Structures are given as C-alpha cells and as structure tokens.
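Listed in order, the protein sequences are those of chains A and B.
Numbers 42 to 544, taken from my numbering, label the letters of the first sequence in order.
Numbers 10 to 335, taken from my numbering, label the letters of the second sequence in order.
Positions of the beta carbon are idealized from the N, C-alpha and C atoms, including for glycine.
The structure presented is a predicted model; accordingly, all values stated were derived computationally and were not measured.
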Amino acid sequence: MDESRRPLLRMEGISKHFGATCALEAVDFDLQRGEVHALVGENGAGKSTLIKILSGAVRPDQGTIWLGGRRFAPASPLESRRAGISVIYQELNLAPHLTVEENITLGREWHAYGFIRRRRMREKVREVLSLVHHQEIAPDIPVQQLGMAARQIVEIARALLEQARILVMDEPTSSLTGEDSQRLFGIIRRLKSQDVSIIYISHFLEEVQEVADRITVLRDGQKAGSGRSEEISLDRIIGMMVGGEVKEMFPRVAHQPGPEALLASEFKGKRMPAAVTLSLRRGEIFGIAGLVGSGRTEFLRAVFGLDMVEGGWVRVGGDEILTGGPRERIRNGLGLLSEDRQGEGLALSLSIVDNLTLSFFAPYVRLGFLRVGRQKKAGWDWIQRMKIKATGPTQPVQSLSGGNQQKVALARLRHQNADVFLLDEPTRGIDIVSKSQIYEWMGELASRGKSILFVSSYFPELLGVCDRIAVFHRGQQVDVKPTEEWDEEGLLAAATTGRSEAL
Amino acid sequence: MKEATGGNRRIRLLVNFLGPFLGLLLVILIFSLLPDVQDRFLRLGNLKSVATQSVIVALGALGMTFVIISGGIDLSAASNIALSSCVIAFAVNAGWPPWLGILAGVLVGGLIGFVNGTLITTLRLVPFIVTLGMLGIARGVAKWMAGNQKIDAPITWVNELMARSPRPSWLLTAPGVWLMILLAVAMAVVIRFTVFGRHVFAIGSNEATARLCGIRTKRTKIIIYVLAGLFCGLSGVMEFSRLTVGDPTVAVGLELDIIAAVVIGGGSLSGGQGSILGSMIGVFIMAFLRNGCTMMGWPNYIQEIIIGFIIVVAVSLDQLRYRRDS
C-alpha cells in the first residue's frame with residue numbers, strides 16, 4: 042500500500058472486560074497521518090478505556106493495534122510515549138511551581154554529568170514553543186502564573202518535544218473560553234500541517250464538527266457509528282450517542298415570568314469591581330453569557346455572600362441584603378450552585394444524603410441531634426425525584442458519575458427551599474441525558490415561580506432554555522435582551538467586544 | 010461498574026469497621042500465646058493496669074479525633090497536658106478545693122485550644138504551624154509557672170482518680186477509666202448523631218463546600234480546638250492524679266502517640282475520615298503493645314520500633330481499603 046495512504050494507527054477488534062462489565066466490545070478505530078479524529082460518546086461509553094489501551098495503561102483482552110504498519114502492544118505508558126503517543130489529560134500534569142521550560146523538559150533534561158545544560162535546552166524549548174505560539178508563554182514564567190489555556194499549550198509543547206506523532210486530547214476545551222478554544226484549534230491545524238495526528242475527545246459536539254476530519258461515536262463500549270464530520274449532522278451524532286434516550290435536547294416547560302424577585306443595583310464585588318445592575322423576575326430563567334473572567338461567577342459569589350461586597354445593593358423579594366455570608370443568603374432564599382463541582386460544590390467523601398441536606402439540616406434535628414433515619418428517608422425521596430443513579434442515600438458522592446453528582450448538588454438547592462437559584466455552569470462536563478434532565482428541571486422550577494440565574498459559557502444551551510439573556514464583559518452587564526433577539530454570533534460578539542451591536 | 014451491590018457494600022462496611030478491631034485482637038492474641046507472659050497477660054489485674062495506662066492518651070485522642078476529622082492537627086496536645094497538670098497542682102497546693110483545681114486545669118486546657126482555634130481561623134494559618142508554636146509556648150509557660158521544677162501538692166481525693174485499686178471497691182477499676190469510657194461513648198454519639206459532628210466531617214471533607222452550605226466554618230473550627238483543649242486539660246488532671254505532683258516536663262512527645270492512635274484507628278490526616286471507636290482501638294493497640302513488651306522484658310527501643318511499624322502498616326492497609334473502594 043502507498044505509504045501516505047496507509048493509516049498511521051489501526052486498532053482492530055479491541056475488547057476489554059472489567060469483571061462482569063464490558064467496557065469495550067470489538068471496537069475498530071484508525072487514524073491517518075495529519076488527521077484529527079474525534080472520539081465522542083457519553084461518560085462510560087468506553088472512550089477513556091480505548092485511550093488507556095492505546096497509551097499502555099490498560100491491556101486489551103482481545104484485538105490488535107498496528108502503529109506505522111507494525112504490531113504495537115504497549116506494556117506501559119512509558120513504552121507508548123516512546124513510540125510517539127502522548128496523552129494530554131483533562132487534569133493537566135504540570136508542576137505549578139516550576140517554570141514553563143522546566144515543565145516542558147521535565148524528565149528529559151539535557152545534561153552533562155547531572156548538570157543541566159541550560160543553553161542547549163533553551164534552544165529546543167524555543168523551537169517547540171514557536172510551533173504552538175502563545176503570547177502568555179515565555180520559558181521562564183512559573184506555570185502557576187499561566188491561565189488554563191496557556192497551561193494546556195505547555196503540555197502540548199511538552200508532547201512535541203517528545204516528538205509525539207499522535208496526540209490524544211481529552212476534553213481540551215472544557216475549561217477554556219470560546220476565544221481560547223479558537224486559538225487551540227488554530228494550533229491543532231498547525232500541528233496537522235506538521236503531520237501530527239490527533240485523537241480529539243470532547244463533549245462539545247459543535248466544536249468537534251469544527252475541528253475534526255472524522256468522528257467516531259462510541260456507545261456502551263461499542264462503535265455506534267463513524268463518518269466524515271462534514272457528512273454527519275449534529276442530530277445524528279446525538280442520536281448515535283444516546284441511542285434514542287433523549288427525544289429533545291431542550292425540553293420546554295411552559296412558564297410565565299411574574300413580579301420581580303431579585304434586583305441588583307450598581308452591585309460591586311471586591312474581586313470584580315465594575316458595577317452590575319440587573320433584575321430577575323419570578324418564574325424566569327435569566328441567562329448570563331460571558332467569557333471566563335467577565336465577572337459572571339464573581340457576581341454570583343458576591344450576591345451569595347461568598348465574596349466581599351464593595352458597593353451597590355441587592356434586593357431579594359423587596360428586602361435589601363448586604364450583611365452576612367452564605368448562611369444568611371440561604372435564609373434569604375438564595376441558593377448557589379458552584380461552578381467547581383468537585384472543589385467546592387460537593388464534599389466528595391461524604392454520602393449523597395449528607396451532601397444533599399448539609400445546607401438545611403433543620404427538618405432532621407431535635408436538640409442538636411440528627412434523626413438519621415428521617416434524613417436517610419428524605420435521601421431516598423430525592424434520589425427518586427432527581428432521577429439520581431445510585432445504590433442508596435449513604436453512597437459516597439465521589440463514586441457517582443459527573444451528571445449524578447451534579448444532580449445531588451442541584452437537589453441541595455431545592456431541598457433548602459431556595460427561591461432564587463444562582464446556577465454557575467450547571468451542565469459543565471456531564472452527560473447529555475443528565476443535561477437534558479437538568480434543562481427540564483430548570484423549566485419546572487420556573488413554572489413553579491422560582492427564579493433562575495443561569496451562567497454558562499455554552500451559548501446554545503442559554504439560547505435553548507432562557508427567557509432573557511444578559512451578556513457580561515469586564516465585570517459589566519453590556520446588554521440584556523429577550524432570547525428571541527439573540528443568536529450565537531450576537532452573543533459571542535457582545536461577550537468578546539463588550540458592544541451589543543458588533544459590526 | 011462503579012456501584013457495588015447492597016450486600017457487598019454491607020460486608021465491606023463491616024470489614025472497614027472491624028479492621029482496627031482485628032489489629033487489636035491480633036496484638037492481644039500474640040502476647041497471650043507467648044509462653045513467657047501468657048499466664049500473666051490476660052489476668053484481670055493486668056487488664057486493669059493497661060486500661061489505667063491508656064487513660065491519658067485516650068482522653069487526648071478523643072479531642073484529637075475531632076481535630077483530625079476536620080482536617081486539622083493539634084501538636085500542642087502534650088504540652089497542654091503538662092501545663093494543665095501544673096495548673097491543678099498549683100491550685101491544690103495553694104489550698105484551693107480539689108474540684109476547683111480540676112476545673113482550673115480543664116479550663117486552662119480549653120483556653121489553649123481557644124487560642125489555637127482563633128489563631129487558625131482569624132490569621133488563616135495552617136493548624137500545623139499554630140499548634141507547633143503553641144507546643145513550645147504551653148510547655149514554656151508550664152515550666153515558668155513551676156519555677157522549672159516539680160510542683161508538690163498535698164494528697165487529696167484527686168489522686169484516687171487513677172488509683173489501680175479504687176475505693177469503693179465495687180468500681181472495679183480506676184474512676185478515670187470509667188470517665189474515659191463514658192466520655193468516649195458520649196463523643197461517639199456527638200460525632201455520629203449531632204449536627205455539630207456532621208459539620209466537623211463536612212469541614213474536613215471539603216471546607217469550601219461547608220462554607221457554601223452556610224456552615225459557620227470558623228466558629229465550628231474554634232469549637233473543635235476548644236474541645237480538643239478541654240480534653241487535654243482533663244488528661245492533664247489525670248496525669249497529676251497519677252504522679253501526685255505537677256510536672257512541667259511530663260508527656261514530652263505524647264502528642265505523637267495521640268495522633269498515632271487516631272491514625273491507626275482510621276483517621277485521615279487530610280480530613281473527612283475517622284471515628285471515636287477507631288481512635289480508642291488505636292489507643293489500646295499501643296497500650297497493649299507497651300504492656301506486653303514491658304512484661305517480656307524487652308527494652309524500650311523495641312517497643313518504639315514495633316509501634317513505628319504498626320503506624321505505617323495500619324495506614325497503608327487503610328489506604329488499600331479506600332483505593333479498592335473507589
């Protein structure tokens with residue numbers, strides 16, 4: 042066969058069982074030189090197992106891998122890396138205190154008798170950095186001073202230094218802004234032109250279609266379909282992913298906005314000084330669009346009393362709130378869903394029921410003692426109401442999937458009888474079925490007269506569920522309009538430029 | 010895939026629960042099989058003396074369990090014990106009624122804890138640093154107060170708290186032992202069944218979440234350190250009862266025994282895990298080991314080596330268990 046037409050990587054009939062569960066069943070996958078091949082599927086569909094097999098972390102029960110025409114059976118991640126396969130995981134593997142250069146060369150420092158040869162190394166580092174050009178990155182900057190996007194690029198540079206032929210990117214844009222994602226796609230295109238092949242894993246289907254040449258969909262450990270990305274539609278991809286479980290991505294629940302529920306006036310947080318004025322009505326889903334760092338998260342946190350307030354005021358149900366912290370805000374009827382589910386939103390080692398009731402123990406307390414039986418019973422109720430997949434209320438939250446974890450965090454707000462829901466990226470990193478359930482849940486809340494502030498970086502979902510959408514830019518609300526008057530381009534333009542009518 | 014079946018989980022919970030127990034039984038079993046000591050080891054008299062020897066560490070460990078579950082550490086525990094023992098000796102010596110002396114000793118312990126907690130929460134310093142500082146300060150103050158020597162005190166009923174043959178004799182064992190058991194049960198209830206206990210776990214598991222859920226984390230943490238301090242104060246009272254003098258140089262390094270007991274019993278230094286029962290078992294594992302080694306006539310350093318091993322083995326077994334769980 043012609044050298045240039047033969048796939049660089051071919052995985053044939055890969056199967057893997059863990060105990061009784063079948064993680065992969067006869068999956069085929071191949072990758073051409075200089076190709077971006079996206080791997081999509083729900084959590085648990087088998088994407089990560091497939092990658093682990095390729096990277097040598099897990100050995101397949103059956104199947105063969107061909108790399109550059111030769112049999113390839115990596116016994117360890119190191120062997121796979123030596124063969125030119127680099128995986129960039131969602132949780133980046135960088136030492137924050139070390140500089141960019143030290144990180145890039147970590148483990149393969151040029152040295153003479155143990156002494157580092159700095160000049161030699163610097164040359165090499167500059168070379169790879171020029172390939173992935175990013176303004177924030179200079180060799181001597183400690184990685185902890187870099188933003189998420191830049192850190193990711195440092196990882197890519199490290200892979201390039203190792204002369205990776207295949208780059209596996211696991212959810213590379215999940216913590217990036219739209220702008221940074223675009224920059225990353227630019228780098229991916231440049232790498233392609235250098236004949237680097239990329240396996241691209243993502244939940245964001247629109248961007249998958251944008252960046253990938255081919256798309257393979259996995260479902261329940263099997264290949265559900267595959268095709269060139271310009272030939273398969275979004276709906277078909279979703280259909281293949283869920284196998285008919287989701288009828289509609291954004292189920293509409295009829296609701297009617299009523300009187301004002303929350304009013305913020307010239308409200309300033311200490312961390313994000315510009316002033317925000319907005320009003321939220323009862324029974325309304327109000328979207329806040331903006332880039333990371335636009336002040337949306339800071340606004341929610343300051344309203345909820347987690348961050349210091351600098352000026353202005355907020356009224357909830359007519360009463361002004363200013364003093365106190367989260368405890369008082371919860372009493373005011375506010376509930377905040379943190380954007381950082383694992384770091385802040387949930388106490389991972391605690392049980393479902395403890396996480397759920399932590400903000401409102403009152404119904405289960407007599408004289409300071411917890412009535413554990415009642416609490417547990419309530420836990421069962423909520424598990425059913427929120428359709429949480431779990432063995433029972435005492436199961437630790439850390440053993441749940443992302444979507445189910447998020448349902449626990451959301452159930453907590455409902456449990457504490459919140460009237461105003463401040464939801465910060467509620468669907469980040471969770472599966473499609475859970476997403477759709479959460480959209481529906483938000484609609485139901487609104488139909489019961491609850492108010493929702495819905496912060497998201499993912500514009501399609503804002504357009505799909507909100508009644509009105511405001512755009513934040515540099516700590517300020519730059520525009521607010523009914524959803525019908527927005528489209529994705531308009532939101533993006535306003536979020537990036539701070540002007541509502543971008544030319 | 011990740012979800013174990015209900016029955017399986019119950020078995021695992023049982024194993025987790027029994028784990029430290031098995032360790033304790035193993036230690037007892039080994040010594041009761043060693044021909045040199047087997048006839049003496051399990052005698053009632055010996056068991057009583059093991060129990061009495063455990064009281065001081067056990068009381069410290071009760072408070073330390075709360076601290077460690079909340080993700081903190083209290084290195085000042087042993088210094089606090091020494092200081093409290095001097096305070097009560099000082100008070101009794103000065104002619105205060107014994108009960109007032111006890112109260113003073115316990116309250117000084119609580120005060121030390123309050124200072125620890127306040128510094129940790131208001132200055133936002135890590136507990137390790139604050140309590141390391143307090144380790145020196147409390148010890149220094151004790152020596153200063155005692156004029157760098159032992160404080161003699163008249164014999165009172167306080168000294169009977171740790172007497173091996175108690176009066177009245179129907180008590181069977183020292184009143185201090187009963188107090189320890191009583192408090193251990195009480196604290197187990199507090200930690201498992203009260204809102205405060207649940208907040209302690211929440212703070213240790215994820216402080217940011219606790220704050221998000223409206224828990225007054227600062228206040229709760231101060232209470233935790235005060236509680237730990239009060240227990241150290243009580244432990245100091247027991248130390249005084251045993252020694253009949255106030256000794257500012259007593260219990261040097263004992264904080265490590267206390268921490269070890271909690272850790273052997275399943276407490277995690279990163280917070281969120283631990284139990285009173287586990288900590289008490291940890292205390293008894295170490296007490297039985299000490300006692301058995303002494304009976305065997307083994308030198309002190311053998312005990313130290315064995316206990317060192319036990320700590321590492323216990324924690325790595327624990328880790329293994331959790332890794333398998335997740």
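Exercise. Pick from A:Met282, A:Gly82, A:Glu502 and A:Phe340: whose alpha carbon is nearest that of A:Glu307?
Worked result: A:Phe340
Exercise. When you compare only the Cα positions, how much space is there between B:Ala197 and B:Trp105?
Worked result: 34 Å
For this session: Can you grab the Cα-Cα spacing for the pair A:Asp520 / A:Val350, in whole Å?
Result: 23 Å
Problem set entry | Closest Cα partner of A:Thr524 within the set A:Arg515, A:Gln517 and A:Glu502 | A:Glu502
Exercise. Candidates B:Trp166, B:Ile39, B:Ile273 and B:Gly145: which alpha carbon is nearest B:Ser85's?
Worked result: B:Gly145
For this session: State yes or no: is the beta carbon of B:Thr130 nearer than 8 Å to at least one beta carbon in chain A?
Result: no
Problem set entry | Residue closest to B:Val244, alpha-carbon to alpha-carbon, out of B:Ser174, B:Val324, B:Met189 and B:Arg133 | The sequence as given places Ser at residue 244 of chain B; Val does not occur at that position. Checked all of B:Ser174, B:Val324, B:Met189 and B:Arg133; the closest Cα to B:Ser244 is B:Met189.
Problem set entry | C-alpha gap between B:Lys11 and A:Leu441, whole angstroms | Low local confidence applies: a pLDDT of 38 at B:Lys11 is under 50, so the model's placement there is unreliable, and no value is given.
Exercise. Out of A:Arg192, A:Arg489 and A:Leu377, which has the shortest C-alpha to C-alpha gap to A:Thr545?
Worked result: Outside the shown range of chain A, which is 42 to 544, sits residue 545 of chain A, and nothing can be said about it.
Exercise. Just the Cα atoms here: how many angstroms apart are A:Leu544 and A:Leu533?
Worked result: Low per-residue confidence applies at A:Leu544: pLDDT is 41, beneath 50, and the placement is therefore not dependable enough to give any value.
Exercise. Can you list the alpha helix (DSSP H) stretches of 4 or more residues lying completely in the segment 249-281 of chain B, in chain order?
Worked result: 263-273
Exercise. What in chain A is Cβ-close to B:Asn215, meaning under 9 Å?
Worked result: Gln383, Gly384, Glu385, Gly386, Leu387, Ala388, Leu389, Ser390 and Leu391
Exercise. Shorter than 8 Å from the beta carbon of A:Phe462 to some beta carbon of chain B?
Worked result: no
Exercise. Where do the ends of the alpha helix (DSSP H) carrying A:Asp362 lie?
Worked result: Note on residue identity: the sequence assigns Ile, not Asp, to residue 362 of chain A. Where A:Ile362 is concerned, there is no enclosing alpha helix (DSSP H), although the beta strand (DSSP E) it sits in stretches over Asp360 to Ile362.
For this session: Confirm, please, whether the CB-CB distance from B:Leu43 to B:Met305 is below 8 Å.
Result: yes
Exercise. Secondary structure at A:His456, three-state DSSP: helix, strand or coil?
Worked result: helix
For this session: Report the partner residues of A:Phe495 according to the DSSP bridge assignment.
Result: A:Gly328 and A:Leu464
Exercise. Should B:Val76 be flagged as near chain A, meaning a C-beta pair shorter than 8 Å?
Worked result: no
For this session: Kindly indicate if chain A contains any beta-carbon less than 8 Å away from that of B:Lys11.
Result: Confidence at B:Lys11 is low in this model, with a pLDDT of 38, below 50, so the placement of that residue is unreliable and no value is reported for it.
Problem set entry | Cβ neighbour criterion (16 or more within 10 Å) applied to B:Arg251 | buried
Exercise. What residues of chain B sit near A:Pro367, judged by a beta carbon separation below 8 Å?
Worked result: Arg220, Leu221, Cys222 and Gly223
For this session: Starting from A:Tyr480, trace the alpha helix (DSSP H) both ways and give me its first and last residue.
Result: Ile473 to Ser488
Problem set entry | Counterpart residues of A:Ala305 in DSSP-defined beta bridges | A:Leu319 and A:Val355
Exercise. For the segment 493-522 of chain A, which residues have a CB atom closer than 9 Å to at least one CB atom of chain B, in sequence order?
Worked result: none
Problem set entry | Of the listed residues B:Ile129, B:Met143, B:Gly122 and B:Ser94, nearest to B:Ile160 (C-alpha basis) | B:Ser94
Problem set entry | DSSP-derived helix/strand/coil call for B:Ala13 | Unreliable positioning characterises B:Ala13 in this predicted model, as indicated by a pLDDT of 42, which lies under 50. The coordinate reading is nonetheless provided below. Coil.
For this session: Please determine if the segment 415-424 of chain A and the segment 230-246 of chain B are in contact, where contact requires at least 3 C-beta pairs separated by less than 8 Å.
Result: no
For this session: Provide the residue span of the beta strand (DSSP E) that contains A:Leu399, from first to last.
Result: Careful: A:Leu399 lies outside any beta strand (DSSP E) and carries neither H nor E.
Exercise. Got a sec: which bits of the segment 277-293 of chain B sit with their beta carbon under 8 Å from any beta carbon on chain A, in order along the chain?
Worked result: Gly281 and Gln282
Exercise. When we look at the beta-carbon of A:Arg382 and count the other beta-carbons within 10 Å, is it buried (16 or more) or exposed?
Worked result: buried
Exercise. When DSSP labels each residue in this structure, what does A:Pro115 get in the three-state scheme?
Worked result: coil
For this session: Decide yes or no for the touch test of the segment 173-187 of chain A against the segment 127-140 of chain A: beta carbon pairs closer than 8 Å, at least 3 of them.
Result: yes
Problem set entry | Span separating the alpha-carbon of A:Tyr480 from that of B:Pro136 | 43 Å
Exercise. Any beta-carbon of chain A closer than 8 Å to the one on B:Ile319?
Worked result: no
For this session: May I have the straight-line CA-CA distance separating A:Glu251 from A:Arg159, to the nearest angstrom?
Result: 40 Å
Problem set entry | Nearest-angstrom Cα separation, counted from B:Leu34 out to B:Ser288 | 15 Å
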